[in-house]
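Every number in our numbering is 87 more than the matching position in the sequence shown, counting from 1.
See below for the structure under consideration.
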Amino acid sequence: MVKRIVIAAVLLALVGGGLIGFNLFRDRMITQIFANLPVQPLAVETVEAQPVTWQPALNGIGTVNANQGVDLTVEAPGILREVSFEPNTQVEAGQLLIRLDDVVQRADLEAARTQLELEQANLTRQQELQSRGVATSATLEATQAAFRAAEAQVARAEAVVEQRQVTAPFAGTIGLLRVDLGQYVQPGTIIATLQDLDTMRVDFSLPEQNLPDLFIGQTLHLRSDEAGQSFEGQISGIDPRVDPSSRLVAVRGTIEGAGGALTPGQFVRLRLDLPVENGVIALPQTAVISSLYGDFVYVVRPREGEDEMLEVRQVFVTPGRRSDGMIEIREGIAAGDRIVTTGQNRLSNGAPVTLAEEGAAPADGPDAAAEEVSE
């Protein structure tokens, strides 16, 4: 009985060992077969790194306002009796816009003018008597003082009447009437808004590091996404103080001849061109890949020992400024290097490649490369 058990155990061990040996042999052969298979080169699009003329620029976001714009209000309380403008029309400087009830004030003005005429007649009479030697100097001086007081009363009454009116302080476009005829209006109540749309200004902020690059008169390029139009202006003011909470400096630009294409309060994109630089190496932004270890590009080079075979090498770079889809490369590559711009998501260091511009189709489209860069 024991002998049979020993024989069965030996047979079981032989069968199990054979199965294990067969599996190991099979895995080894499969590994050898795949190791000897040739790696299929991937087609990639490339660009040759060359020094270019670089136009550095500062970009920002600004808010448009009228160079002259006010909210009109009254100086004295009263009932609105007259409106002399149509909304959204052009008004001239000094044009009467609204008038409050001024019956009492005009009556006071008429009384002051009558008193002035009386004092004028008294002064003329006293001057005549003084010339004859009949009136005394004291009487003449009292009459002159009364005349001047009457003139002051007339001026005061005229000012009170003017306070019951609102005139345009400058030429511009008047907005909507915000009160109704017959309404009792208090000082500070906004009647309408007046904006000079011919000359506009844009207010924006830039980092304090850009302060040395700014100067009065610098050309300013603006673009409105809503209107789809571009405008040019000039920097007209730079705040001498940097905001300590945001580390931003406030800047103001002036836009002449906007012609009503810009609206106060509108959002615009702006660009400030800096002096042109020569000899800057720049690549398309899709060529640079960001990772946890840094920014790198794939450089196409001949494989060592095989001049006809190309491969890619991962090279870490130091990127700089960006403008119009291009990125400045400060360190890492030299002029003449051929850099991969698309198809990077299927590449690895040392992978064989072919150039798509020589007739092969690219391994992946630009969208795949863009996704790799964004990641």
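Just so you know, even glycine gets a beta-carbon here, dropped at the ideal spot from N, CA and C.
### Task
Compute the distance between the beta-carbons of Asp195 and Gly165, then report whether it is under 9 angstroms.
For the purposes of this step, residue 195 is identified with residue 108 of the sequence shown, where counting begins at 1. For the purposes of this step, residue 165 is identified with residue 78 of the sequence shown, where counting begins at 1. Taking 9 angstroms as the Cβ cut-off, Asp195 and Gly165 do not qualify as a contacting pair.
### Query
In this structure, does DSSP put Val178 in helix, strand or coil?
The count along the sequence shown starts at 1 and reaches residue 178 at position 91. In this structure, Val178 counts as strand in the three-state DSSP scheme.
### Query
Using CA coordinates, which residue listed in Val375, Leu284, Ala237 is at the minimum distance from Arg408?
The sequence position of residue 408 within the sequence shown is 321, counting from 1. Considering only alpha carbons, the answer is Val375.
### Message
Check whether the region 148-163 and the region 349-359 are in contact - that is, three or more C-beta pairs closer than 8 angstroms.
### Response
yes
### Task
Less than 8 angstroms between the CB atoms is what I'm expecting for Val387 and Arg425, so what's the real figure, rounded?
As a working mapping, residue 387 is identified with position 300 in the sequence shown. As a working mapping, residue 425 is identified with position 338 in the sequence shown. About 4 angstroms; that satisfies the 8 angstroms criterion.
### Query
What does Phe291 pair with, by DSSP beta-bridge criteria?
Against the sequence shown, residue 291 aligns to sequence position 204. Looking at the DSSP assignment, Phe291 forms a beta bridge with Gly149, Val338.
### Message
According to DSSP, Ser378 sits in a beta bridge with which residue or residues?
### Response
Working through the sequence shown from its first residue, we reach residue 378 at position 291. Answer is Gly381.
### Query
Can you tell me where the beta strand (DSSP E) with Glu162 in it begins and where it stops?
Here residue 162 corresponds to residue number 75 of the sequence shown, with the count starting at 1. From DSSP, Glu162 is part of no beta strand (DSSP E); its letter is neither H nor E.
### Task
Pull up the distance between the alpha-carbon of Pro174 and that of Ile185, whole angstroms please.
If you number the sequence shown from 1, residue 174 lands on position 87. If you number the sequence shown from 1, residue 185 lands on position 98. Approximately 12 angstroms between the Cα atoms of the pair.
### Query
Taking just the CA atoms, how far does Val190 sit from Val241?
For the purposes of this step, residue 241 is identified with residue 154 of the sequence shown, where counting begins at 1. For the purposes of this step, residue 190 is identified with residue 103 of the sequence shown, where counting begins at 1. Rounded to whole angstroms, Val241 to Val190 spans 16 angstroms at the Cα level.
### Message
Helix, strand or coil, according to DSSP, for Val102 in the structure here?
### Response
Counting from 1 along the sequence shown, the entry for residue 102 is found at position 15. Residue state, collapsed to three classes: helix.
### Query
Helix or strand or just coil, what does DSSP make of Glu395?
Looking up residue 395 in the sequence shown gives position 308. Note: Glu395 maps to strand in three-state DSSP.
### Message
Going by DSSP in three states, Ile277 sits in which element: helix, strand or coil?
### Response
Position 190 of the sequence shown, counted from the first residue, corresponds to residue 277. Correct three-state label for Ile277: coil.
### Query
Under the three-state reduction of DSSP, which class applies to Gln127: helix, strand or coil?
Taking the sequence shown and counting its residues from 1, the one referred to as residue 127 is at position 40. Gln127 falls in the coil class under three-state DSSP.
#### Entry: For Ser218: DSSP bridge partner residues
Here residue 218 corresponds to residue number 131 of the sequence shown, with the count starting at 1. Per DSSP, none; premise fails for Ser218.
### Reference Gln127, options Pro351, Leu183, Met396, Pro143, closest by Cα
As a working note, residue 127 is residue 40 in the sequence shown. It is Met396.
### Task
Measuring alpha carbon to alpha carbon, tell me which of His308, Ala258, Ala199 ends up nearest Gly156.
Along the sequence shown, read from residue 1 onward, the residue named residue 156 stands at position 69. Cα-wise, what sits closest to Gly156 is Ala258.
### When Pro274, Val329, Val427, Gln372 are compared against Pro406, the one with the closest alpha-carbon
Here residue 406 refers to the residue found at position 319 when the sequence shown is read from its first residue. Minimum Cα distance to Pro406 is reached at Gln372.
### Task
For the alpha helix (DSSP H) holding Gln171, just list the boundary residues, first then last.
Position 84 of the sequence shown holds residue 171. The displayed chain sequence assigns Ser, not Gln, to residue 171. Per DSSP, Ser171 belongs to no alpha helix (DSSP H) and is neither H nor E.
### Of the residues Gln431, Leu361, Ala438, the one placed nearest Pro389, counting alpha carbons only
In the sequence shown, counting from the first residue as 1, residue 389 sits at position 302. The residue with the shortest Cα to Cα distance from Pro389 is Ala438.
### Message
I want to know whether the region 234-249 touches the region 195-208 - three or more CB-CB distances under 8 angstroms.
### Response
yes
### Query
Hey, is the region 129-146 in contact with the region 415-422, meaning 3+ C-beta pairs nearer than 8 angstroms?
yes
### Task
Leaving out five residues on either side along the sequence, give the residues of the same chain with a beta carbon under 7 angstroms from the beta carbon of Gln250.
By one-based count along the sequence shown, residue 250 stands at place 163. These residues qualify, in order along the chain: Glu162, Ala163.
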